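Visitor: Numbering (the working numbering), first residue to last: 34 to 352.
All C-beta atoms, glycine included, are put in the ideal place defined by N, C-alpha and C.
These figures come from a predicted structure and were not determined experimentally.
One structure is given below, represented as structure tokens, and several questions about it will come after.
Set out below in structure tokens:
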């Protein structure tokens, strides 16, 4: 099965993400001994080289991070109470999301869903401070593509929407867990640690959402979560000079992974946000997809190499 969103880092300089077919286009110019690091939320990390990849005919098989525990003796678990206990321990188990200023590798794109044409494409380093107004893109080692017609497509979505998936407390199932039902659970090994995978859902009255949490059995830290939100008609409405602009949510999907740092506290490690919307302005209807892949890095980005991320979509350059 193709793995979408696998993170590939070459020589700690070039980073890439696999597409929805599991494909990665590695540029020429690398030596056989150059290192390749591959990771994904649901799969074990892999360290290899360009030479070894070529011997595998450039096809890599990743091993799942999640393994069901066949033999385990436990008392019956109340999944909702278990999640509640985990949420109450967030202040103890997690570090502040943007302190010190969080550095990320990011691959952010906006595209026309109807013909797959790119509207905005950014790939490079990001530096995040406390608020979305303080998100900066590193000018070194980055690429961007901006369509001349960007304003035609983008109404409500902004390049910094993905910020909401970083703090553990920002996810709907954490903020409003009392409204969710937790209907199923299983004991697994995740990243070689015993964990409980708890499935959740909420009815359409409250937004319509389903997914799962992976909670460390030892300290009850939430190690990973994934969920999707059902379509919502007229999700956002805005009054403009041209009249009412209505944006409907076609699909919304999130993955977020959290790992312990050197202090023993959990912090954001990697994630993905995919949003598909349909925007209607008068007689015009435009379908847009926003896709963001994020991977935390331990690198210092100099201030002189930064530009505001929100400025990317304001430029008027041809692709």
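Less than 8 Å between C-beta atoms, sequence neighbours within five positions excluded: which residues of the same chain meet that for residue 214?
Guide: Once the five neighbours on either side are set aside, the close Cβ partners of residue 214 are 113, 233, 234, 235.
Visitor: Do you know how far the Cα of residue 281 is from the Cα of residue 265?
Guide: Approximately 6 Å between the Cα atoms of the pair.
Visitor: In this structure, what does DSSP give as the bridge partners for residue 305?
Guide: Residue 305 pairs with 288, 326.
Visitor: Assuming residue 243 contacts residue 260 under a Cβ cut-off of 8 Å, what Cβ separation, rounded to an integer in Å, is found between them?
Guide: The pair is a contact, with the Cβ atoms about 6 Å apart (cut-off 8 Å).
Visitor: Rounded to the nearest angstrom, what separates residue 143 and residue 84 at their Cα positions?
Guide: The alpha-carbon atoms of residue 143 and residue 84 are separated by roughly 34 Å.
Visitor: Under the DSSP definition of a beta bridge, which residues are partnered with residue 128?
Guide: Residue 128 is not bridged to any residue.
Visitor: For a test of the three-state rule: what should DSSP assign to residue 105, helix, strand or coil?
Guide: The pLDDT assigned to residue 105 is 48, lower than 50, so where the model puts this residue is not dependable; a value taken from the coordinates is nonetheless given after this. The answer is coil: DSSP assigns residue 105 none of H, G, I, E or B.
Visitor: With distances taken from CA atoms, which of 226, 252, 262 is nearest residue 238?
Guide: When only C-alpha atoms are compared, the closest one is 262.
Visitor: Taking Cβ to Cβ, would you say residue 253 is nearer than 8 Å to residue 56?
Guide: Taking 8 Å as the Cβ cut-off, residue 253 and residue 56 do not qualify as a contacting pair.
Visitor: Would DSSP call residue 70 helix, strand or coil?
Guide: Three-state DSSP puts residue 70 in a strand.
Visitor: To which residues of the same chain is residue 305 closer than 6 Å at the C-beta, ignoring the five residues directly before and after it?
Guide: Around residue 305: 38, 288, 326.
Visitor: I'd like to check one pair, residue 156 with residue 176: are the Cβ atoms closer than 8 Å?
Guide: Yes. Within cutoff.
Visitor: Is there a Cβ of chain D sitting closer than 8 Å to that of residue 153, yes or no?
Guide: Annotation note: the requested chain D is absent from the structure, which comprises a single protein chain.
Visitor: Tell me, please, which residues DSSP counts as bridged to residue 300.
Guide: BP columns for residue 300 point to 292.
Visitor: Hey, how far is the Cα of residue 284 from the Cα of residue 153?
Guide: Taking the straight line joining both Cα atoms gives about 19 Å.
Visitor: Between residue 168 and residue 342, is the Cβ-Cβ spacing less than 8 Å?
Guide: Against a cut-off of 8 Å, the Cβ pair of residue 342 and residue 168 comes out as a contact.
Visitor: Specify, as a first and last residue, the run of the beta strand (DSSP E) that residue 257 falls within.
Guide: Element bounds for residue 257: 255-262.
Visitor: Would residue 160 pass as a contact of residue 136 if the rule is Cβ separation under 8 Å?
Guide: Yes, they are a contact pair.
Visitor: Which class does residue 230 belong to by DSSP, given the choice of helix, strand or coil?
Guide: Residue 230 falls in the strand class under three-state DSSP.
Visitor: Does the beta-carbon of residue 126 have 16 or more other beta-carbons within 10 angstroms, so that it is buried, or is it exposed?
Guide: Residue 126 is buried by the Cβ-count criterion.
Visitor: Provide the residue span of the alpha helix (DSSP H) that contains residue 113, from first to last.
Guide: Per DSSP, residue 113 belongs to the alpha helix (DSSP H) from 112-121.
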